[in-house]
Amino acid sequence: MSDAKRFLDPLSLFPGELSEFMESLNQPAWRGKQIFSWLHRGAKSFDEMTDLPKNLRERLNIDFSVEAPFEVERLQSRDGTQKILWELADGERVESALMQYETGTSLCVSTQAGCRQGCSFCASCASGLARNLTAGEILGQVLRCRTQINRLVIMGMGEPLDNFENTTRFLRLVSHPEGKKLSLRNISISTCGLVPEIDRLSLLGMPVTLSVSLHAPDDETRRKIMPIAKKYPIDALIASCKHYFQNTRRRISYEYVMLKGINDTDIHARKLNRLLAGQTGHINLIPYNPVYPRPYQPSDPDRIRIFARQLSCCDVTVRRTLGSDINAACGQLAAKRNL
Ligand code: SAH
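Numbering (my numbering), first residue to last: 9 to 347.
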């Protein structure tokens with residue numbers, strides 16, 4: 009890869025890498041730190057970096073751009089949730105959601121344009137995977153959301169562990185002491201269950217909360233709704249989750265979307281209790297957000313309450329649905345990609 013290509017995406021780089029780049033332009037290495045600091049304070053152009061020499065800014069402007077992601081649209085839900093549509097440098101589009109809670113603001117970011125996992129209830133995979141986002145494109149969603157955030161959830165479009173290198177680079181960038189300094193403890197990463205990548209993440213020992221989209225207590229039900237279950241059996245998934253907890257001491261959050269008549273019966277609750285007995289985890293029941301033209305119905309609220317009461321294996325919460333009037337709720341982020 010030529011140097012020019014390597015440095016095309018300055019938002020993806022660490023201070024040391026930017027310094028190396030500055031040295032390649034016969035500039036002092038500390039300019040790299042200066043640029044990192046500007047970028048992480050939200051600068052969208054080199055012209056804003058007023059403590060860089062003018063001729064350097066002009067030179068950088070010719071070869072590189074730090075403008076993307078561009079905000080194309082921001083929708084506001086009745087409940088205060090905002091959905092932000094971003095355009096990337098090549099025209100691909102992704103979305104983020106900003107959610108207000110009593111305890112602070114969370115941002116949900118996308119890691120891929122589209123998704124190739126094919127979960128049958130989710131809108132994000134409707135037209136497959138266009139491409140992975142770079143670490144800088146994921147970070148740009150945080151730096152440009154124009155809001156001070158307390159928590160980050162990597163649960164937008166895409167499967168973060170299918171874009172492992174860029175997602176973990178992003179985690180190191182967003183928590184960098186010279187940048188946003190977001191604590192890894194305030195970050196959750198959601199996966200449909202890529203077992204080898206969960207093991208890889210667990211070896212990194214980052215104290216990030218792992219949310220696992222379980223959605224069924226047995227292989228048979230899971231395979232009907234999630235193709236990934238055909239690749240990795242549920243026992244292997246649970247064994248990896250156990251490992252993850254042992255390495256990071258972070259409790260796993262098991263996500264369970266409530267689909268009427270599919271995974272919400274008494275039998276499923278009993279099986280879930282057996283599956284998760286002895287695990288250090290937490291179950292998060294998610295009311296299903298309808299996605300046209302998927303064949304599912306949401307479970308009745310009473311059914312969700314009863315199901316929650318039947319679960320004795322770990323703590324249970326029912327996720328509040330935010331942003332559904334603007335299609336910003338779980339599984340609804342799709343950036344109008346041929347839907
Ligand atoms: N690929 C990751 C993250 C993206 S989706 C994953 O699979 O975990 C974030 C969460 O929303 C996942 O738990 C996902 O299964 C859930 N979800 C997807 N579609 C949904 C829908 N229509 N209603 C409610 N939750 C949904």
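A virtual CB, placed ideally from N, CA and C, is assigned to each residue, including glycine.
Residue pairing by DSSP places V102 opposite W94 in a beta bridge. Look at V203: its beta carbon is at least 7 Å from all of the heavy atoms in the ligand SAH. Close CB contacts of L169 within its chain, under the 6 Å cut and outside five residues either way in sequence, are with T199, L202 and E205 (chain order). Distance between T176 and I260, taken at the CA atoms: about 18 Å. Between the alpha carbons of I246 and F172 lies a distance of about 20 Å. Set against 7 Å, the gap from the CB of M163 to the closest heavy atom of the ligand SAH is smaller. Relative to T111, the option among L93, L160 and I146 whose CA is nearest is L160. DSSP, read as helix, strand or coil, puts L83 in strand.
The C-alpha of A76 lies about 30 Å from the C-alpha of S221. Every unbroken stretch of the alpha helix (DSSP H) spanning 4 or more residues and falling wholly within the segment 105-183 is given here in chain order: 143-151 and 172-182. Collapsing the DSSP output to three states places M30 in a helix.
By the 16-neighbour rule on beta-carbons within 10 angstroms, I195 is buried. The residues H48, V150 and V182, in chain order, have a CB closer than 7 Å to that of K188 in the same chain once the five nearest residues on each side in sequence are set aside. If you compare the alpha carbons of Q90, R67, A97 and Q318 with that of D17, the shortest gap goes to A97.
Linking R124 to G136 through their CA atoms gives a straight-line distance of about 5 Å. With respect to the 8 Å criterion, N174 and T217 are not classified as neighbours on the basis of their beta carbons.
In this structure, the ligand SAH has a non-hydrogen atom nearer than 7 Å to the beta-carbon of S198. When beta bridges are read from the DSSP output, N292 appears opposite E263 and T325.
Annotated as distal: T89 and L115, with beta-carbon spacing of 8 Å or more. Between Y304 and I270 the beta-carbon gap is near 7 Å, inside 8 Å, which marks them as a contact.
Per the DSSP secondary-structure output, I195 pairs in a beta bridge with L160.
Between K279 and D226 the beta-carbon gap is near 6 Å, inside 8 Å, which marks them as a contact. By the C-beta criterion, the segment 319-337 is judged not to be in contact with the segment 61-81, since fewer than 3 inter-stretch pairs fall below 8 Å.
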